[in-house]
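To start, the structure itself, in structure tokens.
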Ligand code: DX5
Ligand code: ZN
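Numbering (the working numbering), first residue to last: 621 to 831.
What follows is the structure, given as structure tokens:
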């Protein structure tokens, strides 16, 4: 399992040390919120462009109009750009997946914690490089894991999805093995990791990775 720490709950007063403490992870997960798709705000290009990330990044757009942010995140150099099917619906999602891929980065689509994975049609599964299965209602870190997400991951594999499956929300050392067995490739880890002291994080990442 690859490990992608979310820096949503990082200590931004000491960001360089925070990033240093998680640099043995596989990638950094950037949670982008617009206060419309979710009732919360986070950060965007103006903040992120001044940060030196020690490992590759991906952006999880929890925004109503993800089309508006493609250029920003391509310029920032993210490896993967993920948006929500609930924000776009199917026809817009198909166009946006194509647009993201045409910019030379991986295209990801997310299904929210309370959403039916059938939102993701076979056409979407054919086009998406990555599917992000939320295991909480998007918007805030530190929520409780929804076990139904394990079934959603299995269902996507049963439907023949061969791309990358990522899981996000409430992931910890108790549920990560079930998620890996269900077919997840990447686990986003926020509060479980960031609540621990910096000295302990590298070892926790290693343990989670080998679960
Ligand atoms: C929620 C975000 C998640 C979250 C992860 O909207 O997409 O990335 O902050 O944090 P934990 O692991 O605390 O749920
Ligand atoms: Zn996220």
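Ideal placement from N, C-alpha and C gives every residue a C-beta, glycine not left out.
Rounded straight-line distance, which links the Cα of residue j to that of residue i
| i | j | result |
| --- | --- | --- |
| residue 660 | residue 630 | 16 Å |
| residue 781 | residue 745 | 6 Å |
| residue 633 | residue 778 | 44 Å |
| residue 638 | residue 691 | 27 Å |
| residue 739 | residue 805 | 21 Å |
| residue 575 | residue 772 | Given that the chain is displayed from residue 621 to residue 831, the structure contains no residue 575 and the question cannot be resolved. |
| residue 733 | residue 706 | 11 Å |
| residue 823 | residue 645 | 10 Å |
| residue 829 | residue 758 | 23 Å |
| residue 726 | residue 694 | 10 Å |
| residue 736 | residue 719 | 25 Å |
| residue 747 | residue 714 | 7 Å |
Local Cβ density within 10 Å of residue i, reported as buried at 16 or more and exposed below that
| i | result |
| --- | --- |
| residue 728 | buried |
| residue 667 | exposed |
Spatially closest choice to residue i from the options, by CA coordinates
| i | options | result |
| --- | --- | --- |
| residue 684 | 736, 652, 671 and 695 | 652 |
| residue 815 | 636, 711, 641 and 622 | 641 |
| residue 722 | 742, 711, 735 and 700 | 700 |
| residue 656 | 802, 704 and 628 | 704 |
| residue 750 | 679, 697, 708 and 820 | 679 |
Original post:
Which runs of the alpha helix (DSSP H) spanning at least 4 residues fall entirely within the stretch 745-794, listed in chain order?
Top reply: The stretch 745-794 contains these whole alpha helix (DSSP H) runs: 768-778.
Original post:
What runs of the alpha helix (DSSP H), each 4 residues or longer, lie entirely inside the stretch 625-674?
Top reply: Counting only runs of 4 or more, we get 635-641 and 665-668.
Original post:
What are the complete alpha helix (DSSP H) segments, minimum 4 residues, inside the stretch 710-751?
Top reply: Fully enclosed alpha helix (DSSP H) runs of 4 or longer: 742-747.
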